[in-house]
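Down below is the structure, laid out as structure tokens.
Number of protein chains: 2
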Amino acid sequence: MTVQHSIDQKWVYLFEEGTAEMRDLLGGKGAGLAEMTQAQLPVPPGFTVTTEACNAYAAEKQFPDGLWDQLMDALKVVERKTQKGFGNAENPLLVSVRSGASISMPGMMDTVLNLGLNHMTTDGIARSSGNERFAYDAYRRFVQMFGRIVLDIDGEHFDSAFENYKRDCGANSDTDLTSEHLRDIVATFLEIVENETGAEFPQDPYQQLELATKAVFSSWSGKRAIDYRNFYKIPHDLGTAVNVVAMVFGNMGDSSGTGVAFTRDPSTGEKTLYGEYLIDAQGEDVVAGIRTPSRIAELKRVMPEQYAEFLSIAERLENYYKDAQDLEFTIENGKLYMLQTRSAKRTAQAAVKIAVDMVQENIISKEEALRRIEPNQINQLLLPRFDDRAREEAEGLGDLLGSGLNASPGAASGVVVFDPDQAEKLGEEGNSVILVRPETAPEDVHGMIHAKGVLTSRGGATSHAAVVARGLGKPCVAGVEELDVNVEQGFFVIGDRKVEAGEEISIDGGTGQIYAKRLPTIDPNFSEEKDLVTLLGWADEVRNLGVWANADYPRDAQRALDFGAEGIGLCRTEHMFFEEERRPIVQRMILAAGKATRLEQELQQEIERQDQATNTSTTDEAEILKKRKEIEESADVQDYHDALSKLLEFQVEDFKGILKVMDGKPVIIRLLDPPLHEFLPPYDELLVDVTKLRLASGPSDELEAKEHLLAMIEEMQEINPMLGLRGCRLGLMYGAINEMQAKAIFTASVELVLEGFNPKPEIMVPLVGHVNELRLVRLEIEAIGEAVQEKLGAQVAVKIGTMIELPRAALTADQIAEHAQFFSFGTNDLTQTTFGYSRDDAESSFLLDYVKRGILEENPFQVLDRDGVGQLIQTAVERGRSTYQDLEVGICGEHGGDPSSIEFCHQTGLDYVSASPFRVPIARLAAAQAVLGM
Amino acid sequence: MTVQHSIDQKWVYLFEEGTAEMRDLLGGKGAGLAEMTQAQLPVPPGFTVTTEACNAYAAEKQFPDGLWDQLMDALKVVERKTQKGFGNAENPLLVSVRSGASISMPGMMDTVLNLGLNHMTTDGIARSSGNERFAYDAYRRFVQMFGRIVLDIDGEHFDSAFENYKRDCGANSDTDLTSEHLRDIVATFLEIVENETGAEFPQDPYQQLELATKAVFSSWSGKRAIDYRNFYKIPHDLGTAVNVVAMVFGNMGDSSGTGVAFTRDPSTGEKTLYGEYLIDAQGEDVVAGIRTPSRIAELKRVMPEQYAEFLSIAERLENYYKDAQDLEFTIENGKLYMLQTRSAKRTAQAAVKIAVDMVQENIISKEEALRRIEPNQINQLLLPRFDDRAREEAEGLGDLLGSGLNASPGAASGVVVFDPDQAEKLGEEGNSVILVRPETAPEDVHGMIHAKGVLTSRGGATSHAAVVARGLGKPCVAGVEELDVNVEQGFFVIGDRKVEAGEEISIDGGTGQIYAKRLPTIDPNFSEEKDLVTLLGWADEVRNLGVWANADYPRDAQRALDFGAEGIGLCRTEHMFFEEERRPIVQRMILAAGKATRLEQELQQEIERQDQATNTSTTDEAEILKKRKEIEESADVQDYHDALSKLLEFQVEDFKGILKVMDGKPVIIRLLDPPLHEFLPPYDELLVDVTKLRLASGPSDELEAKEHLLAMIEEMQEINPMLGLRGCRLGLMYGAINEMQAKAIFTASVELVLEGFNPKPEIMVPLVGHVNELRLVRLEIEAIGEAVQEKLGAQVAVKIGTMIELPRAALTADQIAEHAQFFSFGTNDLTQTTFGYSRDDAESSFLLDYVKRGILEENPFQVLDRDGVGQLIQTAVERGRSTYQDLEVGICGEHGGDPSSIEFCHQTGLDYVSASPFRVPIARLAAAQAVLGM
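Chains G and B supply the protein sequences, listed in that same order. Counting from 1, one number per residue, gives the positions in the first sequence under this note's numbering. Counting from 1001, one number per residue, gives the positions in the second sequence under this note's numbering.
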């Protein structure tokens, strides 16, 4: 990294030279101090070394030309203003050195206070303040801080020496130490420095300043800071500034003090000054927790004048910045100094309340309020979360077991259960259960429904576990690589910890963290979040995108409605196939489908052949009749149609349920999509069973039945099932399944019409790659629809469209739109095929590593890849609409709930996004922000 | 289907009204007869009912208005020319009715001769010819033909009645029958007609003509014809014409005769009149084989005058049509009549010889010669083929077992073997072996190498079996759905036939057929095919596309060179990993790779962390040294690097071998591509083993070892391996593998340079989806390259590029081209992800059915899909070259050997195509044809 800079570049700004707008150059802290100085607020004199200087230092490993000279000039100004001298033994100027980047981040250097002290200046302070103890306490603190922070000496050395000394001299607290004691301690500390670094503690204040400045710069390139920036996608070339500020002392006696305060309550958002202070203390004491600080309101009583001044300054700053501020102040001998102002960190709840209040107070506009909230924050208001204190405590006790992919947000605690059936049982009995699996499959869904949360060692952001959990609004931590799940023996191992079934754990699906104990959770209630409801109402006024939801059951649809969904963008019919009572029927249908279809096709072909022949003899006709009878009486054909007609009844009820809840709103129902073997028992387990039975018992009915099943499943096995016989290919190979589903949808809709409802079903054909697939399926559906409507005697408008989830579909969208009334982008699959990344495997193998190493900027299953997948979407929208102008276009992949992806959908001109119910509020806000151009 | 036609549309053309150019309207036969008539050749008078009439009939199920009137008018002209009357009892006109489409196809109606006969006209013929036996024989033949062909009566009825009659009257052959006998037989035949159709045989010649014409039209819509057209993608609206020709009789005594002849030998292409004739016979007798015809040369002796006339006509026709002709003639009482001329069907060998000869005879241009040859025909000249007669005989005996996908052309016979090891053993002992498997995997390759051919029940055109077999030039029939392979018990079942290991079968990879016996094969020799070599030389002059070959071993590269390859477009290094002595090393490497890489990464991170820290204490350094030692001594790390360094030695030799053979020509070497678990034992088998061992024997070393292996493989298992950890992802996760391969390529190349060779290696990074992948791998390769060149002291130019085989790579080709010197389209994978079709599964599940039903026009793994995959290729070429103008662009997927796909590659401006060695000659021709715009 090389940074270009001119010889006369300005590296150092006095506070009076800067403004709030220079945040990038001066960092947040520096810009705040400058702004306050400009506003004539009482700020100690000081200056800021720019972020550009930091970058120059990182590139050249030395101060850039001119920096040190400029720094010296600025220091002289500070000397003049304070009428003190840096290193002056009589009246020494002391300074604090603090880092300050344009954004707040961990891993940056701690503040060094009292810089400028040495043997001589300490004595000078002692003399000028008439307080020797104060002087040596300051020197002691300085050596300790400088040693730990700048010289990188393990703090433990100082702490233990300090504690030992106190014990030896019988001091209970720091205040018991006399100036003599402190002098001794300083000597000990200086020895520690010499031992650890092999050199004397720098006595020269200028050397101290140089080293501290360089340490700030270096901390920008430290591992923790780099990791943090990688994780949050923060550019590495922002750099950090260095603020050098004349020290003011809150620990000069009872007319001195120090404190921090927020202009509004950062937890609740309530409009009240919120903070703490300590009399006769330095800033670090407030945080350190050695003395208990008083609430800021107390200050009104103790120092009414200073309090009034502070209150007025706080108001001015909030009004100026139009945002709640986080303030630091010190009172030195009755004089108030402002040391910092910055935008206050706040909880999601506070963020929403402050934004809404400020609109009502006419401080900001509605648009600005919408801009203020990070959409993903809203999740916290909709999902259970852990109590922060309990979480921190658990971490302190080493109960953080590890972490994985934050696959579905929310927090949950419960007993570990490995078996979905048991999870269902325990859950129904009212127990809190965390279902732990290597990965989940559709057959585990009943267990997931009754669990509080799901933990898996495999799978990623679009894995089965993640998608289902998000749909259910349950937390899920997935793809925990270091997690070794032993389902058979009922335990899991993570790191060096073993957890047995029945033990309690907690998972946080928002952070991906796993804890070894039960943590208390805080439960939300959407309708009570009045401010959020207000904010989302404003979002609705602004946004152009519709917000729909993915929901498979009436209860999910109802929740989506409550959250403001305007339609159902994806109802996955296969989830209905997994319900307990239906699975045997579904399995019977699948096992018979192949043979039954083959037989019926043969008959059909024979009939067609006869139709085409010039002359048909009576023998031929008799033959066909005979064959037809044979086929109709075959066990497979009967099984197939029996099972299908049972499923038809179930499906009619399914669809009536969801269409009724969504009365008058569109509901997109997708035809059966997954490979059929997903509905059958797992091959591996069956193979082991059969092998055991063969060895153990010789021929038996059980063995024969299992062998038959094994052979059937083997026949259906695919090497890459995601690219296999699924989606519309199923319906084209086994036509009767499509027929059943179409019949169910039309029957449900027409019956609702007759009952006085206004159903708006749309039938979605999945995984179309060639226009002919859609053309054929649509013809079939329409024929069935006409038959049902005629039979039941009422009409219903049903749109027929397709998912665009294969590159070829996007590329040939102009052809496909000739037969589609709507497109819905299935971006999970589209991402899968565009990148060639298996949704089932990639995230537990190479994908997260790719993101960590910066090969990919984001996990494309979480944030839509605009360059590749986005390009296909854009192409498809343009070509689709060029063929059919009124084409309804939306997105129903997991990206429909991701703010960045929603922004893209807005820019691309989609009609709506469809997200899991719990992300509907997020999507409403993100859609508004997309309009506001964030 | 509705056909528009005007009221005065011309449906019927007299021969003198037509020309050769009216082939679409009059069919090939009609156009030929018209052309010969125009050329004043002796053609019997007649006319043609147009193909448009056929379409009109198909649409309306009746003759279109005007047709019958026009037909009557034309018939009157024929009556006038022949001076005979249709249905005239004294001097009756008889006609033949024949179908004739613009292309020749099976399933069309057979010819009906002697139409116009009935009781009265037969007597008239008897009288006018003075030959009653001739008349009744003609009548007998007519009733039989008309009954079978037009009235759709089972021919068996007539045949058995005829045989019974002959037996009853003691006749040995037809000639023993008297006119009395024939009269009786006619009566019997007429009764058969009445019994079978419930109506009298039509005595009215006009009704006969109407029925026969309609029967021709109907045969166009018969099942066999429709199936054929579907299979060969022939439009259904071509229609067939009907030719009505005045009968001439070759069976009027010794001065009459009939015959067929080709102007050149259709088997060898030799320039000599080739054919047969019979004296005193009708056309059907020549084909029927009841009498043995004489060679056409004999005719010169027997009828010198007619022979000379025929010879001169044959020459005129060949010169006129500029192609070898297939002629039919009849001599009636010494007068020669031409009944047909058409382009002669010929073998591949003849096609090439005729084309080359005709250029040398100045009849056609070189370009025309190149146009004449269907590129796929060339295969026949390069690969063993079955003797046609033996094949037909086997089919007659019911020895055709079934058929599958024609996955790799050529023919082979051998004993059935299921185990690849045994195939290797038997093959090495000199036995002919057909390896039969459910599907093949890389671990089966040694068996495939030693087998004559491969038969699988699963997999398609780009399955492992197909790709490897094509590379080896061995026949492969794949994806035989009805084939049930029982490897364990050593038999397979197909339909109702069971074949045991050790029995002999034959497979034809060109047609996909499987035979239950050994069929004799005819072996080719490319260098002896002088005409082909000449033709391909002309192709080379014309084509713009380079033709390279896919080859993994020096011997394949040599073969490709012999076939004219100009480079190696794909050398798959993984095939080298499967050789017997290497597999254990490869397995050791893989099993250690994960842990070793993790350990080394941890060490690396620790070192980096220390580097970044401001101060490094001596303790930290000691810790790192200790950790480094620990890691270096760990068994996994040692195994990993031991194995890799052994593989390095092998690979240096591999690459030297192929680069030496291809000296001076480019060789693209692809880095390791397949998922690593392909190199390990199959999971299922191991699972059964472990289950058995657990049950049988309790704890044992064997069990423990296998359990460990099982666990390792389980960890590496992927649900969709094609979309998993493979391609460049491998090298990015396990860097040492790339390092080893790059080192081997550079070492091999530099060593060759030092030995005086001119190696041109190009390193191809597979499965790139994001530019960063290529960027990182390229940086690594270049660093290694520099180190090797410096160490060995010589330079070598090595291009580095990538495969474009993911949609995202194509869509972002502009970015990727910033780091690539070449692109090679991996169209197998690109087709897979663009369509979302698993290469491993689709063809044995839904894909072939899709093609059969016309949902897809072609199998996109065989013929490049221009709309989807082609669009991506076009995009990638444009964007890639927009970034880097000199980008070398080729294709190395299986499509590189398919003529239609080659045409697309030419149109898209690719630099070369790369095909399996045996398809190189085909590609050379196809590339030339692409220029010629076929």
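Cβ atoms here follow ideal geometry from the backbone N, Cα and C, with glycine treated the same way. In this text, all values refer to a predicted model and were calculated from it rather than measured experimentally.
- Neighbourhood of threonine 833(G) in chain B, by CB distance below 7 Å: Pro1807, Thr1833 and Gly1836, in chain order.
- Neighbours of glutamate 1773(B) across chain G, judged by C-beta separation under 8 Å: Ile855.
- Closest in C-alpha terms to leucine 26(G), from the list Gly85(G), Gly100(G) and Ala810(G), comes Gly100(G).
- Listed along the chain, the chain G residues whose CB falls inside 8 Å of the CB of aspartate 1840(B) are Glu718, Ile719 and Asn720.
- Shown in chain order are the members of the segment 1797 to 1825 of chain B whose Cβ falls below 7 Å from a Cβ of chain G: Leu1806, Pro1807, Arg1808, Leu1811 and Thr1812.
- Beta-carbon to beta-carbon, glycine 546(G) and glycine 567(G) are separated by about 7 Å, close enough to satisfy the 8 Å threshold.
- Annotation: Cβ neighbours of aspartate 684(G) in chain B (cutoff 7 Å, chain order): Leu1687.
- Assignment of beta strand (DSSP E) within the segment 221 to 289 of chain G, counting only whole runs of 3 or more residues, yields 240 to 246, 257 to 262 and 274 to 279 in chain order.
- In this model, asparagine 525(G) and alanine 412(G) are separated by some 16 Å (Cα to Cα).
- Contact annotation: the segment 1467 to 1483 of chain B touches the segment 1491 to 1509 of chain B, with at least three C-beta pairs closer than 8 Å.
- Nearest in C-alpha terms to isoleucine 1364(B), of all of Ser1343(B), Asp1323(B) and Glu1395(B), is Asp1323(B).
- Assignment of glutamine 9(G) by DSSP, reduced to helix, strand and coil, places it in the coil class.
- For alanine 461(G), the closest C-alpha among the options Ala551(G), Val49(G) and Glu894(G) is that of Glu894(G).
- Shortest Cα-Cα distance from alanine 1592(B) to any of Ala1557(B), Leu1625(B), Gly1569(B) and Ile1631(B) involves Ile1631(B).
- With respect to chain B, the C-beta atom of aspartate 673(G) has no partner C-beta closer than 8 Å.
- Phenylalanine 1217(B) sits close to cysteine 1054(B), with the two beta carbons spaced by under 8 Å.
- Put simply, the backbone Cα of glutamine 601(G) is about 42 Å away from that of lysine 1692(B).
- Residues of the same chain with a CB within less than 8 Å of the CB of glycine 490(G), apart from the 5 flanking positions on each side, are Phe418, Glu500 and Ala501 in chain order.
- Where glycine 155(G) is concerned, the enclosing alpha helix (DSSP H) starts and stops at 155 to 168.
- By the neighbour-count criterion, in which 16 or more other beta carbons inside 10 Å mark a residue as buried, aspartate 8(G) falls on the exposed side.
- Judged by DSSP in its simplified three-state form, isoleucine 1373(B) adopts coil rather than helix or strand.
- The beta carbons of proline 1761(B) and serine 1749(B) sit closer together than 8 Å.
- For threonine 1456(B), the enclosing beta strand (DSSP E) starts and ends at 1453 to 1456.
- With a cutoff of 8 Å on beta-carbon distance, isoleucine 585(G) and alanine 643(G) are scored as near each other.
- Glycine 87(G): not part of any alpha helix (DSSP H); DSSP gives it neither H nor E.
- Among the residues of the segment 858 to 872 of chain G, those with a Cβ less than 8 Å away from any Cβ of chain B are Asp865, Asp867, Gly868, Val869, Gln871 and Leu872, in the order of the chain.
- Residue state for cysteine 1892(B) is assigned as coil, using DSSP reduced to three classes.
- Any Cβ of chain B closer than 8 Å to the Cβ of glycine 479(G) would place that residue at the interface, and such an atom is absent.
- In the structure shown, glycine 1046(B) falls within a strand segment according to DSSP collapsed to helix, strand and coil.
- According to the DSSP assignment, asparagine 1486(B) belongs to the beta strand (DSSP E) that extends over 1483 to 1486.
- Put simply, the backbone Cα of valine 1652(B) is about 17 Å away from that of glutamate 1782(B).
- Excluding five sequence positions before and after leucine 1383(B), the CB atoms of its chain that fall closer than 6 Å to its own CB belong to Pro1409 and Gly1410, given in chain order.
- The residue from Val1777(B), Gln1070(B), Thr1440(B) and Arg1598(B) with its alpha-carbon nearest to that of proline 1682(B) is Thr1440(B).
- With contacts defined by Cβ atoms closer than 8 Å, alanine 1034(B) and methionine 1022(B) form a contacting pair.
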